[in-house]
Amino acid sequence: MSIISKEDVKHVAKLAELDFSDSEVEKITPQLDKILGHVANISKVDTAAISPTSHTLEIKNVFREDTVRESLSKEDDHLNAPEEMDGGFKVPKID
Amino acid sequence: MNQQKDTYKKIDSKYETVIGLETHVELSTATKMFCGCKLSFGADPNTCTCPVCLGHPGTLPVINKKAIDYAIKIALALNCTTNNYSIFHRKNYFYPDMPKNYQISQYDLPISSRGYLDVDMGDYIRRVGITRVHLEEDTGKLIHTGTSGRISESAASIVDFNRAGTPLIEIVTEPDIGSPAEAKEYLISLRNLLLYLDVSDCSMEEGSLRCDANVSVKLAGTEGLGTKAEIKNMNSFKFLQKGLEYEVARQVELLESGKKVIQQTRHYDHITDSTKALRSKEEAHDYRYFPEPDLVPMHIEESTVKEIRAAIPELPFEKTARFVSQFGISIYDCRFLVADRNLAEYFEKCCALYSNAKTVANWLMGDFSALLNKEGILISASKITPEKLTCMLEMIDSGKISSKIAKSVFEEMFATGADPQNIIESKGLEQISDEGMIESVIDKVIGENPETVEQFRSGKVKALGFLVGQVMAQTRGKANPKLVNEILLKKLK
Chain A
238 MSIISKEDVK HVAKLAELDF SDSEVEKITP QLDKILGHVA NISKVDTAAI
288 SPTSHTLEIK NVFREDTVRE SLSKEDDHLN APEEMDGGFK VPKID
Chain B
147 MNQQKDTYKK IDSKYETVIG LETHVELSTA TKMFCGCKLS FGADPNTCTC
197 PVCLGHPGTL PVINKKAIDY AIKIALALNC TTNNYSIFHR KNYFYPDMPK
247 NYQISQYDLP ISSRGYLDVD MGDYIRRVGI TRVHLEEDTG KLIHTGTSGR
297 ISESAASIVD FNRAGTPLIE IVTEPDIGSP AEAKEYLISL RNLLLYLDVS
347 DCSMEEGSLR CDANVSVKLA GTEGLGTKAE IKNMNSFKFL QKGLEYEVAR
397 QVELLESGKK VIQQTRHYDH ITDSTKALRS KEEAHDYRYF PEPDLVPMHI
447 EESTVKEIRA AIPELPFEKT ARFVSQFGIS IYDCRFLVAD RNLAEYFEKC
497 CALYSNAKTV ANWLMGDFSA LLNKEGILIS ASKITPEKLT CMLEMIDSGK
547 ISSKIAKSVF EEMFATGADP QNIIESKGLE QISDEGMIES VIDKVIGENP
597 ETVEQFRSGK VKALGFLVGQ VMAQTRGKAN PKLVNEILLK KLK
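As you go down the protein sequences, you meet chains A and B in turn. Our numbering puts the first residue of the first sequence at 238, with every later residue one more than the last. Our numbering puts the first residue of the second sequence at 147, with every later residue one more than the last.
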């Protein structure tokens, strides 16, 4: 039995803003299924005595003071922008 | 007409309205939530940005301690339980105003939950349950090109990331609000509370306080909830109430005509005063939250909570109750005074110097507020100190100036900040209470107006007003009006 269906792949692709052709979905689905199957091995570990965690590091409460640090210059801010306009990052029409 | 009214009444009692509000508040910290960029509304686009808030690869967020303290302060003031273990989550979605393509927010372990806010509705108190108070980061701002500024008509958009990463508090209520009017009062009370806590400027015009609503209607007395709609873009107290009123009526109409309410997000348009469905995105609610791996958990110590609790000032609800009992003024007056923290402080300072609280309240609510509004300044920036105001009130009480003259003294004080005593002396405004002096003016007026005097004597009571007016005019408004009346009546007998 497969873990992931073609519909799941299409849904996730859409969420990730990726376009796949039908033949690509056909090809990717069994590959992802295999990966997920491999990852699923983790669930064989007995975790009954282990409390859940979202972080592996034994640290907590890492804060900074509310003091201003210098921001980037206007030029540096835009250095990686493919397009700019009126001091802002220009993006295509949103739909 | 009557029939229409009856139909409305019938519908009104047939259905119950259920509203829950989600309020976003930008905190007034000096820097952003996860980096040291300065918060500055209205700065040139993209001048308060750095690799962290621009979402450059390889950067790491670090939590602003002050934002956490503010969040705890808000939570405590809303009677919430602060959760001693709390973490951040990533909320994943694509939109150009989000540089990272995820927003750092909180999910199932928010900073606090389960509280309430008591909302004073005048003749009853509505207790609104608070589901949660959590922290997140604000997005950037999109400016749509083209003259209309509308998304649908623009060829491109410009992104300003100055706002991206601003600490944002989300306050979610239980579906406890029973009418659009209650929703408006809730938001007014919440805003006032936040202003007292000094954690945000709460400007609805500038977008530092924003409110969305979930609203549904159901047959009165039935269990469960009707299908809800989420209403966005109600960016003033008035529009919140109007938008909800429209939506409630729309839903009732649907149900009355046998149709169903569809769960959707709707946009309020204040020009047409109606709500319109936004194009539904089927993936919209699949945010794939997962714990933010770049931030470590927060363990909020009991001592921190204690310290913050101790620093919370007296809040509006309690202050109103105290003003009523301590100063014996009406609840209406108290609400007006307490609605502005600075005004309430000013009022108390005056009452420490002067015994008649009602007189102070009247001046503050009347002439003072009118001038402040006209000049667009806050009472804290006014040149009239509580000492000067109460000194002027003492002068009215002792008969040194008339209440009419007091108005012009007040205006002069407001404009120049001068001492009332100096104003009266330099302008010769002191009230004339010397009976001999008043008598001589009255004799003169009687002599000049024999016809009016005759009219009064033959029973035309109104003629007295004219004579009083003449006396006041000849003394340039300075004669003690009470004495003028007394002496004049005696002489006319």
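For every residue, glycine included, the Cβ atom is placed at its ideal position computed from N, Cα and C. As the structure is a computational prediction, the values presented were derived from the model and not from experiment.
Problem set entry | Residues near B:Arg337 in its chain [Cβ-Cβ closer than 7 Å; skip 5 each side] | Excluding five sequence positions before and after B:Arg337, the CB atoms of its chain that fall closer than 7 Å to its own CB belong to Cys348, Leu355, given in chain order.
For this session: Could you tell me the distance, in whole angstroms, from the CA atom of B:Phe556 to the CA atom of B:Lys384?
Result: 33 Å
For this session: Could you tell me whether any Cβ in chain A is nearer than 7 Å to the Cβ of B:Val171?
Result: Judged by the 7 Å Cβ criterion, B:Val171 is not in contact with chain A.
Exercise. Cα-Cα, which of B:Leu255, B:Arg278, B:Ile214 is closest to B:Cys226?
Worked result: Ranked by how close their Cα comes to the Cα of B:Cys226, the residues B:Leu255, B:Arg278, B:Ile214 have B:Arg278 in first place.
Exercise. Would you say A:His275 reaches chain B, if we count a Cβ-Cβ gap shorter than 7 Å as a contact?
Worked result: no
For this session: Would you mind telling me which residues of chain B sit closer than 7 Å to A:Val305, beta carbon to beta carbon, in chain order?
Result: Ala176, Thr177, Gly182, Lys184
Exercise. If you check the beta carbons only, do B:Gly623 and B:Lys534 fall under 7 Å apart?
Worked result: no
Exercise. Secondary structure at B:Cys357, three-state DSSP: helix, strand or coil?
Worked result: strand
Problem set entry | Beta carbon proximity, B:Thr195 to chain A, threshold 7 Å | yes
Exercise. Where B:Ala423 and B:Tyr500 are concerned, what is the direct C-alpha to C-alpha distance, given to the nearest angstrom?
Worked result: 57 Å
Exercise. Could you give the uninterrupted runs of the alpha helix (DSSP H) lying entirely in the region 536-614 of chain B, keeping only those of 4 residues or more?
Worked result: Within the region 536-614 of chain B, the complete alpha helix (DSSP H) runs of at least 4 residues are 549-562, 566-573, 581-594, 596-603.
Exercise. Got a sec, what are the start and stop residues for the beta strand (DSSP E) B:Pro313 sits in?
Worked result: 313-319
Exercise. For B:Val198 versus B:Pro242, is the C-beta distance shorter than 7 Å?
Worked result: Contact: no.
Problem set entry | Alpha-carbon spacing of B:Gln410 relative to B:Pro191, whole angstroms | 33 Å
Exercise. So the alpha helix (DSSP H) A:Thr304 belongs to, where does it begin and stop?
Worked result: A:Thr304 -> no alpha helix (DSSP H), and no H or E assigned at all.
Exercise. Which residues bound the beta strand (DSSP E) around A:Val249?
Worked result: From DSSP, A:Val249 is part of no beta strand (DSSP E) but of the alpha helix (DSSP H) over 243-252.
For this session: Provide the residue(s) that pair with B:Ser362 in DSSP beta bridges, ordered along the chain.
Result: B:Val164
Problem set entry | chain B contacts made by the region 277-299 of chain A, where a contact means CB separation under 8 Å | Ser291, His292, Leu294, Ile296, Lys297, Asn298, Val299
For this session: Specify, as a first and last residue, the run of the beta strand (DSSP E) that B:Arg236 falls within.
Result: 235-238 is the extent of the beta strand (DSSP E) around B:Arg236.
Exercise. If you draw a straight line from the C-alpha of B:Pro566 to the C-alpha of B:Thr536, how long is it?
Worked result: 10 Å
For this session: State yes or no: is the beta carbon of B:Asp254 nearer than 7 Å to at least one beta carbon in chain A?
Result: Residue-level contact by beta carbon fails for B:Asp254 and chain A, as no gap is shorter than 7 Å.
For this session: Starting from B:Phe187, follow the alpha helix (DSSP H) in both directions and report where the run begins and ends.
Result: Where B:Phe187 is concerned, there is no enclosing alpha helix (DSSP H), given that its DSSP letter is neither H nor E.
Exercise. Can you list, in chain order, the residues of its chain whose CB lies under 8 Å from that of B:Glu448, leaving out five sequence neighbours each side?
Worked result: Asn230
Exercise. Residue range of the beta strand (DSSP E) that B:Ala375 falls in?
Worked result: 375-378
Exercise. Of all Cβ atoms in chain B, is any one closer than 7 Å to the Cβ of A:Asp270?
Worked result: no
Exercise. For A:Ile331 and chain B, any beta-carbon pair shorter than 7 Å?
Worked result: yes
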